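Note that the numbering used here has the sequence shown beginning at 478, numbered continuously upward. For every residue, glycine included, the Cβ atom is placed at its ideal position computed from N, Cα and C. Here the structure is a predicted model, which is why all the values come from computation and not from measurement.
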Amino acid sequence: MSAASPIEAELAVVGAGAAGLYAALCAAADGARVALISATTLAQTASYWAQGGLAAALAGDDSPQRHRADTERAGRGLVRGSAAEVLCAEAPARVRDLERLGVNFDVDRGGALSLGLEGGHSLRRVVHSGGSATGRRVVRQLSALAAQEPLIEVLEQARADTLLVADGRCVGLACEDGRAVRARAVVICAGGAAALWARTTNPPGSLGSGMLLAHHAGAQLADLEFLQFHPTAVIGVPGREGFLVTEAIRGEGAVLLDANGERFVEELAPRDEVSRAIDELLDRTGARSVSLDMRSVDPALFPNVVGALAEAGIDVTRELIPVAPAAHFMMGGITTDLHARSTVPGLYAVGESACTGLHGANRLASNSLSECFVFGARAARAAVAEPVGPSGAPATEVKLAVDVSAATRTALWQHAGLRRTRTGLEALLDDPYPLARLIAACALARGESRGAHVREDHPQTDARLDAMHTIVDPDGGVGFERWD
Ligand SMILES: Cc1cc2nc3c(=O)[nH]c(=O)nc-3n(C[C@H](O)[C@H](O)[C@H](O)COP(=O)(O)OP(=O)(O)OC[C@H]3O[C@@H](n4cnc5c(N)ncnc54)[C@H](O)[C@@H]3O)c2cc1C
478 MSAASPIEAE LAVVGAGAAG LYAALCAAAD GARVALISAT TLAQTASYWA
528 QGGLAAALAG DDSPQRHRAD TERAGRGLVR GSAAEVLCAE APARVRDLER
578 LGVNFDVDRG GALSLGLEGG HSLRRVVHSG GSATGRRVVR QLSALAAQEP
628 LIEVLEQARA DTLLVADGRC VGLACEDGRA VRARAVVICA GGAAALWART
678 TNPPGSLGSG MLLAHHAGAQ LADLEFLQFH PTAVIGVPGR EGFLVTEAIR
728 GEGAVLLDAN GERFVEELAP RDEVSRAIDE LLDRTGARSV SLDMRSVDPA
778 LFPNVVGALA EAGIDVTREL IPVAPAAHFM MGGITTDLHA RSTVPGLYAV
828 GESACTGLHG ANRLASNSLS ECFVFGARAA RAAVAEPVGP SGAPATEVKL
878 AVDVSAATRT ALWQHAGLRR TRTGLEALLD DPYPLARLIA ACALARGESR
928 GAHVREDHPQ TDARLDAMHT IVDPDGGVGF ERWD
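The following block contains the structure:
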């Protein structure tokens, strides 16, 4: 820890993606002083890369109940009903709040919000901004507001590597560069872990460092075996490897074709189903990719996808796009309640670092940005009401080393990819990266196939594991807990 005095704040927020920025702004609006710590630039957050949008029951013929039913259907018997209820009830108000904060969502000719259709949704429910530039537009606006807010101190290019715990309560953190923050509560918004897999749609920083920080501080983790594979990531195009082609494009009529130009899957089924159909076809035929045909889609609706592919030499108005599944979204994470509290007092988590149980075994498209805002607001409200921690020297936690080798990333893709076996997962138990070992332990414990987790040696879903979440204790022990 630094010899310099620590920064004093009410909240320390780790991560400046959608979850961190919004939680920080909500806390500051309540008059709290916030230290916002971010390891990477804005453009390196998953939030900035988000293309689709935010799911919210805003259409006249929609309702939070219908949104919840779609979320639960996609989540394959594992969605925590209470978390889905909160998300679906509060997402519309968060969209309105973002508008109040200056985010311009796309509107139709009549001035009403224009709503997109994505896989697993039973009707149009996804708001976007600038077509497929939603994440970029939203986080740019929120970061501009955070930079102007006198109550928010931004620590840029600062990586939290230590959580400070005193008398069992989290009281602050320290960064690699020696800076430290003392606070009533720490809110981990450090994103997901999908960049641990060799083929990924995620920015390189999505290595699960927030989950490991919480684990080191004694917090419970959950559902680490559930990693969503996005069906349509570009493959074999230099400079665009892993580039995601948003599902919203399939919502506007793009289709998936095999080598004979035939459709082989219902394009708007939930993601686990579409990814599995592609994977099985590739396995059967030995091909590397299938084709996404968006020639019938208006390119003006998705300017940044069309532009990015044009730069790589693909004219999507005339040519097919080679795609295959890639690691995309971590459904598991730090166990949190409906107010984003972890199992360690004073320690909160929001966004992809957290696991409320909302996504179950397979996230419904565009529920994750909504989750960042719904639970970001709830975290801010609860965290500013935390008591001041004990004074005196906190016990410093073991420093976190985030050093992931190419071998770990290859091993996760091979052994914890779209299809898993006991032998492969056991090989991962010796991986040098601690989160890889915990992922393998969870995947081994779940002896069934469900949603994104497919065990070739346990191909059926086990009804006895409905609503049963895999939990990881601070000592690494794995068990199951029922969450309703
Ligand atoms: C290509 C792509 C498209 C997507 N499209 C959509 C979509 O349309 N709709 C949707 O709902 N979801 C989408 N998702 C998922 C969604 O974007 C993410 O789940 C969500 O943005 C996660 O937000 P976050 O704030 O939790 O994390 P992030 O946005 O990833 O931010 C994490 C932050 O934590 C910081 N950080 C990490 N570790 C540390 C540390 N140790 N110390 C300090 N800082 C740290 C990082 O620097 C970063 O600032 C998409 C994801 C990708 C990759």
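What residues in its chain sit with their C-beta under 8 Å from that of Y910, if we drop five residues either side in the sequence?
L673, D880, V881, S882 and T885
Bridge partners - E958, DSSP secondary structure assignment:
H946
In whole angstroms, give me the CA-to-CA distance for G607 and T723.
A direct Cα-Cα distance of roughly 13 Å separates G607 from T723.
Which residue spans inside the stretch 589-676 form an unbroken alpha helix (DSSP H) run of at least 4?
611-625
In the DSSP output, what is T812 paired with across the bridge?
C832
Report yes if the C-beta distance between L622 and L734 is below 8 Å; otherwise report no.
no
For R646 and F741, the rounded distance between their alpha carbons
Rounded to the nearest angstrom, the two C-alpha atoms are 53 Å apart.
Indicate whether A500 and V490 have their beta-carbon atoms separated by less than 8 Å.
yes
Closest by C-alpha distance to M807, when choosing among R897, T677 and A635
Out of R897, T677 and A635, T677 has the C-alpha closest to the C-alpha of M807.
Out of curiosity, what's the CA-to-CA distance linking D654 and F957?
Between D654 and F957, the C-alpha separation is close to 38 Å.
Rounded C-beta distance between L488 and A662? I'm assuming under 8 Å.
The distance from the Cβ of L488 to that of A662 is about 6 Å, consistent with a contact at the 8 Å cut-off.
C-beta atoms of R545 and E562 nearer than 8 Å:
yes
At a cut-off of 7 Å, is Q528 close to ligand 1 when judged by its beta-carbon and the heavy atoms of the ligand?
yes
With DSSP as the reference, please indicate the residues paired to P708 in a beta bridge.
Paired residue(s): none; P708 is not in a bridge.
Candidates E744, G682 and H892, of which the one nearest A842 by Cα
E744
Count the other C-beta atoms from every protein chain shown that fall within 10 angstroms of the C-beta of G497, then say buried if there are 16 or more, exposed otherwise.
buried
Any non-hydrogen atom of ligand 2 closer than 7 Å to A481 Cβ:
Absence of ligand 2 is noted for the structure shown, with ligand 1 being the only ligands found.
Hey, could you find the ends of the alpha helix (DSSP H) Y962 is sitting in?
Residue 962 is absent from the model: the chain starts at 478 and stops at 961.
Let me check one thing: in DSSP terms, what residues is Y825 bridge-paired to?
V664 and R818
Would you call the stretch 789-803 in contact with the stretch 755-768, where contact means no fewer than 3 C-beta pairs closer than 8 Å?
Yes: the two stretches touch, three or more of their Cβ pairs being nearer than 8 Å.
Would you check if there are 3 or more beta carbon pairs closer than 8 Å linking the stretch 678-694 to the stretch 563-575?
no
Can you tell me which of A710, L835, F779 and V851 puts its alpha carbon nearest to the alpha carbon of H805?
A710
To the nearest angstrom, how far is it from the Cα of G597 to the Cα of R614?
25 Å
Would you kindly work out how many angstroms separate the C-alpha atoms of V861 and V751, rounded to a whole number?
42 Å
Identity of the residues DSSP links to R897 by a beta bridge:
R932
Coil, strand or helix - V782 by DSSP:
helix
Contact between the stretch 815-831 and the stretch 569-585 is defined here as three or more beta-carbon pairs at a separation below 8 Å; is this criterion met?
no
Element boundaries [alpha helix (DSSP H), containing V580]
It is not in any alpha helix (DSSP H) - V580 carries neither H nor E in the DSSP assignment.
Opposing strand residues paired with A514 [DSSP bridges]
A quick correction: the sequence has Ile, not Ala, at residue 514. V491 and L632.
Is it true that the stretch 833-840 meets the stretch 624-636, where meeting means three or more beta-carbon pairs spaced less than 8 Å apart?
no
Close Cβ partners of S599 (< 8 Å) along its chain, the five nearest in sequence each way excluded:
R543, A546 and D547
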